[in-house]
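Everything in the sequence shown is counted per the numbering used here, starting at 1039 for the first residue and increasing by one.
Glycine included, C-beta positions come from ideal geometry on N, C-alpha and C.
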Amino acid sequence: MSSKQTILDRELFTQALRHMGEEDLLYLNRMVVERLNLLAQARSTVELAQFAEGDLVHFTATDGSVKHGVVLRLNKKTASVRTDEGQNWKVSPGLLRKTATR
């Protein structure tokens, strides 16, 4: 699709939005949220496919420290990781990086 078509489609969509009532807008909102969730799930699945149980990984924790560990399990949206300190974490695959050696 060309950028002109996209811009035109967006303009038509914006005009249609201005004429929608509350019921139609709530329906559209549900559809948009469902689509965004589907896209996020697909992205997470692709990211998770890069890892396998037993992979050595590292990630940055919320406090800024770098944690090293091993992938125990791949969940629906996260990877379960046991750190070298013995802590268990559920980590988004987008935050994980493979580690060659420890």
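| query | Leaving out five residues before and five after Leu1133 in sequence, what residues of the same chain have Cβ atoms less than 6 Å from its Cβ? | reply | Cβ within range, chain order: Phe1097.
| Which partner residues does Ala1117 have in the DSSP bridge list? | Partner(s): Leu1112 and Val1129.
| task | Using three-state DSSP, classify Leu1094 as helix, strand or coil. | result | Note: Leu1094 maps to strand in three-state DSSP.
| request: Give me the Cβ distance between Thr1116 and Val1129, rounded to the nearest whole Å; I'm assuming they're in contact under 8 Å. | output: Contact holds; Cβ gap of about 6 Å.
| field | Length of the line joining the Cα atoms of Leu1063 and Asp1101 | value | The straight-line gap from Cα to Cα measures roughly 40 Å.
| request: Measure the C-alpha to C-alpha separation of Pro1131 and Val1095 and round it to an integer number of angstroms. | output: Using only the alpha carbons, I get a separation of about 10 Å.
| Proximity of Leu1076 and Leu1112 at Cβ, strictly below 7 Å | It is not a contact, given that the beta carbons lie outside the stated cut-off.
| request: Using the DSSP secondary-structure output, state which residues sit across from His1106 in a beta bridge. | output: Under DSSP, His1106 shares a beta bridge with His1096.
| query | In whole angstroms, what is the alpha-carbon distance linking Asn1126 and Thr1044? | reply | In this model, Asn1126 and Thr1044 are separated by some 46 Å (Cα to Cα).
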